[in-house]
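For the protein sequence lines, the chains are A and B, in the order given. For the first sequence, the positions run 0 to 402 when numbering that gives the first Met the number 0 is used. For the second sequence, the positions run 0 to 402 when numbering that gives the first Met the number 0 is used. C-beta atoms are modelled at their ideal positions from N, C-alpha and C, and glycine is treated no differently. Since the structure is predicted, the reported quantities are computational estimates derived from the model, not experimental observations. What follows is a set of notes on a single structure, which appears directly below.
There are 2 protein chains.
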Amino acid sequence: MTSDAAYPFVPALRNPAGSPIRELFKYLSDPGMISFAGGYPSAALFDVDGIGAASAAVLRERPAECLQYGATEGAPALRQVLASLMAGRGAPVAQDELLVTSGSQQGFDFLARALVEPGSVVLVEEPTYSATLQALRLAGADIRGVQSDHDGMDVAALEAMLADPSLRPRLIYTVPTFANPSGATLSSARRLQLLKLVARHRVVLVEDDPYGALSFDGAPPPSLLALCASVPEARPWLVHLASLSKTLAPGLRIGWMVAAPEIVRRAVIAKQVSDLCTPPWLQLAAAQYLEAGRLPAQVAREVAAYRDKRDQLAAALGQAFGDRIRFALPAGGMFLWAALDGIDDAAALLPHAIAEKVLFVPGAGFYVEQRQRATFRLSFASTNLAQIGEGVARLARAVERAG
Amino acid sequence: MTSDAAYPFVPALRNPAGSPIRELFKYLSDPGMISFAGGYPSAALFDVDGIGAASAAVLRERPAECLQYGATEGAPALRQVLASLMAGRGAPVAQDELLVTSGSQQGFDFLARALVEPGSVVLVEEPTYSATLQALRLAGADIRGVQSDHDGMDVAALEAMLADPSLRPRLIYTVPTFANPSGATLSSARRLQLLKLVARHRVVLVEDDPYGALSFDGAPPPSLLALCASVPEARPWLVHLASLSKTLAPGLRIGWMVAAPEIVRRAVIAKQVSDLCTPPWLQLAAAQYLEAGRLPAQVAREVAAYRDKRDQLAAALGQAFGDRIRFALPAGGMFLWAALDGIDDAAALLPHAIAEKVLFVPGAGFYVEQRQRATFRLSFASTNLAQIGEGVARLARAVERAG
Numbered sequence: 000m001t002s003d004a005a006y007p008f009v010p011a012l013r014n015p016a017g018s019p020i021r022e023l024f025k026y027l028s029d030p031g032m033i034s035f036a037g038g039y040p041s042a043a044l045f046d047v048d049g050i051g052a053a054s055a056a057v058l059r060e061r062p063a064e065c066l067q068y069g070a071t072e073g074a075p076a077l078r079q080v081l082a083s084l085m086a087g088r089g090a091p092v093a094q095d096e097l098l099v100t101s102g103s104q105q106g107f108d109f110l111a112r113a114l115v116e117p118g119s120v121v122l123v124e125e126p127t128y129s130a131t132l133q134a135l136r137l138a139g140a141d142i143r144g145v146q147s148d149h150d151g152m153d154v155a156a157l158e159a160m161l162a163d164p165s166l167r168p169r170l171i172y173t174v175p176t177f178a179n180p181s182g183a184t185l186s187s188a189r190r191l192q193l194l195k196l197v198a199r200h201r202v203v204l205v206e207d208d209p210y211g212a213l214s215f216d217g218a219p220p221p222s223l224l225a226l227c228a229s230v231p232e233a234r235p236w237l238v239h240l241a242s243l244s245k246t247l248a249p250g251l252r253i254g255w256m257v258a259a260p261e262i263v264r265r266a267v268i269a270k271q272v273s274d275l276c277t278p279p280w281l282q283l284a285a286a287q288y289l290e291a292g293r294l295p296a297q298v299a300r301e302v303a304a305y306r307d308k309r310d311q312l313a314a315a316l317g318q319a320f321g322d323r324i325r326f327a328l329p330a331g332g333m334f335l336w337a338a339l340d341g342i343d344d345a346a347a348l349l350p351h352a353i354a355e356k357v358l359f360v361p362g363a364g365f366y367v368e369q370r371q372r373a374t375f376r377l378s379f380a381s382t383n384l385a386q387i388g389e390g391v392a393r394l395a396r397a398v399e400r401a402g
Numbered sequence: 000m001t002s003d004a005a006y007p008f009v010p011a012l013r014n015p016a017g018s019p020i021r022e023l024f025k026y027l028s029d030p031g032m033i034s035f036a037g038g039y040p041s042a043a044l045f046d047v048d049g050i051g052a053a054s055a056a057v058l059r060e061r062p063a064e065c066l067q068y069g070a071t072e073g074a075p076a077l078r079q080v081l082a083s084l085m086a087g088r089g090a091p092v093a094q095d096e097l098l099v100t101s102g103s104q105q106g107f108d109f110l111a112r113a114l115v116e117p118g119s120v121v122l123v124e125e126p127t128y129s130a131t132l133q134a135l136r137l138a139g140a141d142i143r144g145v146q147s148d149h150d151g152m153d154v155a156a157l158e159a160m161l162a163d164p165s166l167r168p169r170l171i172y173t174v175p176t177f178a179n180p181s182g183a184t185l186s187s188a189r190r191l192q193l194l195k196l197v198a199r200h201r202v203v204l205v206e207d208d209p210y211g212a213l214s215f216d217g218a219p220p221p222s223l224l225a226l227c228a229s230v231p232e233a234r235p236w237l238v239h240l241a242s243l244s245k246t247l248a249p250g251l252r253i254g255w256m257v258a259a260p261e262i263v264r265r266a267v268i269a270k271q272v273s274d275l276c277t278p279p280w281l282q283l284a285a286a287q288y289l290e291a292g293r294l295p296a297q298v299a300r301e302v303a304a305y306r307d308k309r310d311q312l313a314a315a316l317g318q319a320f321g322d323r324i325r326f327a328l329p330a331g332g333m334f335l336w337a338a339l340d341g342i343d344d345a346a347a348l349l350p351h352a353i354a355e356k357v358l359f360v361p362g363a364g365f366y367v368e369q370r371q372r373a374t375f376r377l378s379f380a381s382t383n384l385a386q387i388g389e390g391v392a393r394l395a396r397a398v399e400r401a402g
């Protein structure tokens with residue numbers, strides 16, 4: 000094939016940047032590599048038998064429904080059980096507020112299509128999920144960062160931005176609970192302030208909540224969606240994205256969106272033209288699995304394992320780097336966010352880490368502009384407990400080599 | 000929830016039109032309804048045992064690969080077997096020309112994102128697949144219809160449009176083999192003319208080919224992709240979309256795109272921000288099924304059944320309407336496209352048909368502008384052979400009522 004074709008790509012795709020995380024995947028094929036990089040749950044914990052049994056049962060009982068096209072909104076059986084699950088999390092939802100998506104990321108993609116035009120202002124907490132930045136860049140958004148700390152998004156800073164009549168954002172994006180990449184959790188006081196703020200300014204707020212169930216110390220804080228019971232005027236402006244990827248299995252690609260019916264209707268149309276429906280077989284298998292009541296025990300296993308890994312990682316980092324390393328202990332989720340004194344740019348450290356056979360994600364890819372290059376993200380979920388100490392020792396050798 | 004929210008929807012979604020076909024789905028829950036409407040394959044023919052066995056085997060042998068996140072480009076095992084399948088169809092493809100998509104429609108959606116901006120001109124044969132029109136409208140395209148007849152797109156008419164310097168289209172879209180909705184197949188002479196034309200004008204041509212394998216009279220004509228062996232200068236400009244939806248099962252949502260590496264790379268980035276990957280378990284199950292060599296026998300069963308149904312439908316229509324009905328017999332696929340003398344608008348006939356408990360799709364939804372309202376689409380794939388005569392009798396009563 001000749002390569003001199005000059006395709007009329009849209010501007011956002013003329014010089015596209017791939018995901019900074021997925022660029023690291025090529026190193027994962029090295030069996031000696033220890034990876035703190037991807038946001039992968041632990042495959043060792045997958046409930047393979049439970050998922051296999053549920054999928055075999057629904058294929059046997061409802062083969063045509065499993066294998067035929069399904070409703071774009073989602074399989075009725077799954078929509079019902081997801082509504083129960085949300086009610087159990089303190090957030091009852093009506094059926095016309097609910098859309099099954101192929102992973103929660105697809106929900107954000109459809110929302111961006113419904114609300115974001117080239118040049119639209121979108122506010123995101125910084126640091127933030129890199130694929131969200133990628134989706135917004137593809138949509139041509141004018142992305143602005145809102146600073147955050149270990150209590151989550153700085154709501155006072157957000158308020159100042161919302162008061163600026165030149166901005167008028169289309170969307171605000173946050174991962175308020177056990178955030179990716181920061182591990183931070185929005186405080187209760189800020190949650191209420193945030194809801195009141197979006198209701199007053201009539202701006203759509205996206206609560207991306209894939210990690211909320213992975214709480215290490217008792218129940219997680221109520222989601223923004225659940226808190227709308229106290230701030231009902233915020234409910235039409237809140238879009239809640241959730242997923243089974245971090246609790247059951249990412250390969251099923253089952254997520255869901257809870258939003259006002261008008262927003263769901265637009266997302267359904269985006270889904271009609273994209274993948275038409277999430278595979279009905281996997282939806283029915285997930286519904287069967289959830290109905291059988293297997294998820295709570297599965298989540299409990301994950302929470303116990305991830306908490307141990309977090310503790311192991313934190314202890315190993317403290318031992319290896321002492322006062323040079325700064326991080327706050329995440330209260331759930333999969334990520335530890337750190338900065339090392341004496342390291343100006345974690346990206347420059349990465350080649351040395353790869354040489355030592357350990358992977359992490361440099362912080363720069365999680366920022367819009369004000370990149371804090373000393374930062375980096377360590378995922379503790381998919382690494383074996385036994386590998387964590389060795390991985391940190393390799394990181395320490397990489398820092399020495401870089402020094 | 001209050002309903003006075005005024006969301007800043009993008010223009011294409013401000014007054015969205017849902018799919019004209021999916022609007023009919025609500026009537027399918029009536030068990031007495033006979034449907035010639037949706038483009039559904041026959042669920043009675045699904046190889047449930049074969050699919051169940053393949054999926055159980057891969058889950059047993061490679062559980063982590065099935066349930067973890069997978070490569071955005073597609074599972075290596077499936078990509079290899081799809082490359083073999085394409086080679087068997089006379090179109091060898093390299094791995095960097097191939098992307099697994101969640102149904103072939105997702106491939107078109109990603110292509111539209113890569114190449115279509117608001118106002119971009121896109122040429123589509125008329126009548127054409129309604130979801131393609133919907134995707135292009137969402138992208139803000141300036142859609143222009145190219146006339147067609149029973150030999151497919153009128154390539155001379157296309158040539159005149161390409162010669163118009165005010166148009167400069169970003170894309171041309173065609174379903175050249177057993178088309179949806181027309182059932183038409185592009186002639187061999189036009190195929191070669193079309194390839195030479197797009198190479199000369201350096202414009203991307205989308206060959207949507209979900210039906211090619213369902214050929215009733217021997218082998219189908221070579222795809223445009225295969226014919227690029229004779230017109231190699233066209234290959235960089237051709238995008239081929241294919242699917243297992245009409246042959247294996249739509250619920251698996253397995254499609255693929257073959258295109259120049261530069262185009263595939265852009266589609267991969269669109270997929271990274273949308274659904275990240277097609278469910279790896281279903282990809283591996285499909286790969287296992289294809290490797291086991293079960294697809295040809297499955298397709299043979301479908302071809303035999305659909306050919307009988309086409310013949311039954313054609314005979315019943317002739318008997319019921321005589322000279323009043325005009326249609327050409329499709330040589331494959333799932334659709335018969337007809338017009339009835341004395342019917343000015345098939346959409347006005349639809350309520351009477353629904354009252355008689357029979358469904359079809361009025362033709363208007365398949366046109367950009369020059370709607371031939373007397374036309375309508377009948378799918379013969381999912382109806383039982385026994386129901387076809389009764390369905391046509393109901394249609395005849397509906398025509399009487401409408402008269």
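Contacts of residue i in chain B (Cβ-Cβ under 9 Å)
{"i": "residue 421 of chain A", "result": "Residue 421 of chain A lies beyond the residue range present for chain A, which begins at 0 and ends at 402; the question has no answer from this structure."}
{"i": "residue 261 of chain A", "result": "2, 4, 6, 8"}
Per-residue burial, residue i [other beta carbons within 10 Å of its own, 16 or more giving buried]
{"i": "residue 321 of chain A", "result": "exposed"}
{"i": "residue 328 of chain A", "result": "exposed"}
{"i": "residue 21 of chain B", "result": "buried"}
{"i": "residue 179 of chain B", "result": "buried"}
{"i": "residue 67 of chain A", "result": "buried"}
{"i": "residue 12 of chain B", "result": "buried"}
{"i": "residue 38 of chain B", "result": "buried"}
{"i": "residue 28 of chain A", "result": "exposed"}
{"i": "residue 208 of chain B", "result": "buried"}
{"i": "residue 25 of chain A", "result": "exposed"}
{"i": "residue 187 of chain B", "result": "exposed"}
{"i": "residue 108 of chain B", "result": "buried"}
Under 8 Å from the C-beta of residue i: neighbouring residues of chain B
{"i": "residue 71 of chain A", "result": "21"}
{"i": "residue 55 of chain A", "result": "51, 55"}
{"i": "residue 15 of chain A", "result": "264, 265, 268"}
Proximal residues of chain A, C-beta to C-beta of residue i below 8 Å
{"i": "residue 102 of chain B", "result": "274, 275"}
{"i": "residue 130 of chain B", "result": "271, 272, 275"}
{"i": "residue 137 of chain B", "result": "112, 268, 269, 272"}
Contact set between residue i and chain A, taken where Cβ atoms lie within less than 7 Å
{"i": "residue 335 of chain B", "result": "Correct list: empty, because the minimum Cβ distance to chain A is about 20 Å."}
{"i": "residue 406 of chain B", "result": "Here chain B comprises residues numbered 0 to 402, so residue 406 of chain B is not present and cannot be evaluated."}
{"i": "residue 113 of chain B", "result": "8, 9, 12"}
DSSP state of residue i mapped onto helix, strand, coil
{"i": "residue 144 of chain A", "result": "strand"}
{"i": "residue 241 of chain A", "result": "strand"}
{"i": "residue 14 of chain A", "result": "coil"}
{"i": "residue 108 of chain A", "result": "helix"}
{"i": "residue 189 of chain A", "result": "helix"}
{"i": "residue 361 of chain A", "result": "strand"}
{"i": "residue 281 of chain B", "result": "helix"}
{"i": "residue 368 of chain A", "result": "coil"}
{"i": "residue 388 of chain B", "result": "helix"}
Residue i beta carbon near the ligand NAD (any heavy atom closer than 8 Å)
{"i": "residue 397 of chain A", "result": "With respect to small molecules bound, the structure shown includes none, and the ligand NAD cannot be examined in it."}
Proximal residues of chain B, C-beta to C-beta of residue i below 7 Å
{"i": "residue 108 of chain A", "result": "272, 273"}
{"i": "residue 169 of chain A", "result": "7"}
{"i": "residue 105 of chain A", "result": "273, 274"}
Runs of beta strand (DSSP E) lying entirely within the stretch 33-71 of chain B, each at least 3 residues, in chain order: Given a length threshold of 3 residues, the stretch 33-71 of chain B has no whole run of the beta strand (DSSP E) inside it.
Which full runs of the beta strand (DSSP E) of 3+ residues lie inside the stretch 297-341 of chain A, going along the chain? Counting only runs that start and end inside the stretch 297-341 of chain A, the beta strand (DSSP E) elements of at least 3 residues fall at 324-326, 334-339.
Count the C-beta pairs between the stretch 308-327 of chain B and the stretch 364-382 of chain B that are closer than 8 Å, then say yes if the count reaches three, no if not. With a cut-off of 8 Å, the stretch 364-382 of chain B and the stretch 308-327 of chain B count as touching, because enough Cβ pairs lie within range.
Go through the stretch 114-183 of chain B residue by residue and report every complete run of the alpha helix (DSSP H) that reaches 4 residues or more, in order. Whole alpha helix (DSSP H) segments, 4+ residues: 129-137, 154-161.
What residue ranges within the stretch 206-250 of chain B form continuous beta strand (DSSP E) runs of no fewer than 3 residues, ordered along the chain? DSSP runs (the beta strand (DSSP E)) wholly in the stretch 206-250 of chain B: 237-242.
Three-pair Cβ contact test at 8 Å for the stretch 135-155 of chain A versus the stretch 348-367 of chain A: The stretch 135-155 of chain A, when compared against the stretch 348-367 of chain A, does touch it at the 8 Å Cβ threshold.
Are there three or more Cβ pairs, one per stretch, closer than 8 Å when the stretch 38-50 of chain A is compared with the stretch 156-176 of chain A? A contact is defined here as three or more CB-CB pairs under 8 Å, and the stretch 38-50 of chain A fails this definition with respect to the stretch 156-176 of chain A.
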